[in-house]
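Peer 1: Residue numbers (this note's numbering): 2 to 214.
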Amino acid sequence: MTVICVEWLVLLVLAILLAKWGSAWIESLYWQQRAILSYPERVGKEPGRRQAFLAGGFFPAALFLSLAGVPLETLAAKLLLVWFLLLTICTDWEQEVVFDRMLLPMLFLALPFFFLEEWSLGNRLFAAAAGGGVLFLLALFTGGIGGGDVKLVFVLGLWLGTEKLLWVLCGGAILGGLAAGILLLARIRKRGDFFAYSPYFSLTAIFLLLCDV
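#1: For a minimum of 4 consecutive residues, which ranges assigned as the alpha helix (DSSP H) are wholly contained in the stretch 119 to 163?
#2: With a cut-off of 8 Å, do at least 3 Cβ pairs link the stretch 9 to 24 to the stretch 54 to 66?
#3: Compute the Euclidean distance between the alpha carbons of Val154 and Val7, then round it to the nearest angstrom.
#4: For the stretch 161 to 180 and the stretch 198 to 209, state whether three or more C-beta atom pairs, one from each stretch, are separated by less than 8 Å.
#5: What distance in whole Å lies between the Cβ atoms of Leu105 and Ala128, which are believed to be in contact at a cut-off of 8 Å?
#6: Check Ser39 in the structure and name its three-state DSSP category.
#7: Would you call the CB atoms of Ser199 and Val99 closer than 8 Å?
#8: By a C-beta neighbour count over all protein chains shown, 10 Å radius and 16 as the cutoff for buried, is Tyr40 buried or exposed?
#9: State the Cα-Cα distance for the pair Leu87 and Asp101, rounded to the nearest angstrom.
#10: Does DSSP classify Asp93 as helix, strand or coil?
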């Protein structure tokens with residue numbers, strides 16, 4: 002019982018520290034790239050709420066995976082991905098942007114896990130190319146999907162493979178469509194307005210990571 006309590010405390014402290022660091026990183030990216038933000042006047046006004054979201058998202062996920070007895074290397078991979086997805090959710094909800102400076106380390110951190118036996122390089126490269134390609138075509142012809150969404154799906158393909166990425170695309174499209182419909186009905190958004198889909202892809206991916214234990 003004592004060992005379990007210590008483990009929970011370590012995960013809680015880790016979640017809090019990561020939340021503070023992640024929030025500070027987001028703020029620094031906002032200040033460095035203000036020109037691409039949708040709401041630059043909001044910069045610096047939401048660190049407390051953001052830290053609560055990051056810690057509140059990471060700690061339950063880490064605790065659940067730890068209690069499920071996930072092997073250490075798989076636990077590390079899942080928590081890395083969960084963490085970066087939480088960061089992208091914050092930036093897209095706050096400023097409708099997914100930073101390349103977050104996606105690039107997220108991409109390169111996937112590479113070491115290809116050496117694990119269950120990671121199929123060919124399958125994941127195909128998932129990245131196909132998923133990113135499909136979203137790129139949708140962005141090109143519909144204009145309703147941003148470049149950040151395309152890049153995020155490409156990176157998720159490397160992490161998840163074809164089967165899980167297909168679920169991410171379907172689940173994200175459904176959740177995003179429902180959210181967009183609610184915003185339209187509430188007259189918060191109008192037809193033709195840009196809508197951020199990447200948070201819903203990310204939420205679906207986190208759900209799949211927690212279910213696959």
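Heads up, the beta-carbon is just placed ideally off N, CA and C, and yes, glycines get one too. None of the values given here were measured: they were computed from a predicted structure.
Peer 2: Judging by the given coordinates:
#1: Those alpha helix (DSSP H) runs which fall completely within the stretch 119 to 163 and span 4+ residues are 122 to 143.
#2: At 8 Å Cβ cutoff, the stretches touch.
#3: For the purposes of this step, residue 154 is identified with residue 153 of the sequence shown, where counting begins at 1. For the purposes of this step, residue 7 is identified with residue 6 of the sequence shown, where counting begins at 1. Spanning the two alpha carbons is a distance of roughly 36 Å.
#4: Yes, the stretch 161 to 180 touches the stretch 198 to 209.
#5: Indexing the sequence shown from 1 puts residue 128 at position 127. Indexing the sequence shown from 1 puts residue 105 at position 104. Taking the Cβ atoms as the reference, Ala128 lies roughly 18 Å from Leu105, outside the contact range of under 8 Å.
#6: Start at 1 with the first residue of the sequence shown, and residue 39 comes out as number 38. Taken through DSSP and simplified to helix, strand or coil, Ser39 comes out as coil.
#7: As a working note, residue 199 is residue 198 in the sequence shown. As a working note, residue 99 is residue 98 in the sequence shown. Against a cut-off of 8 Å, the Cβ pair of Val99 and Ser199 comes out as a contact.
#8: The residue you call residue 40 lines up with position 39 of the sequence shown. That one is exposed.
#9: Taking the first residue of the sequence shown as 1, we reach residue 87 at position 86. Taking the first residue of the sequence shown as 1, we reach residue 101 at position 100. The alpha-carbon atoms of Leu87 and Asp101 are separated by roughly 15 Å.
#10: Within the sequence shown, the letter at position 92 stands for residue 93. Helix.
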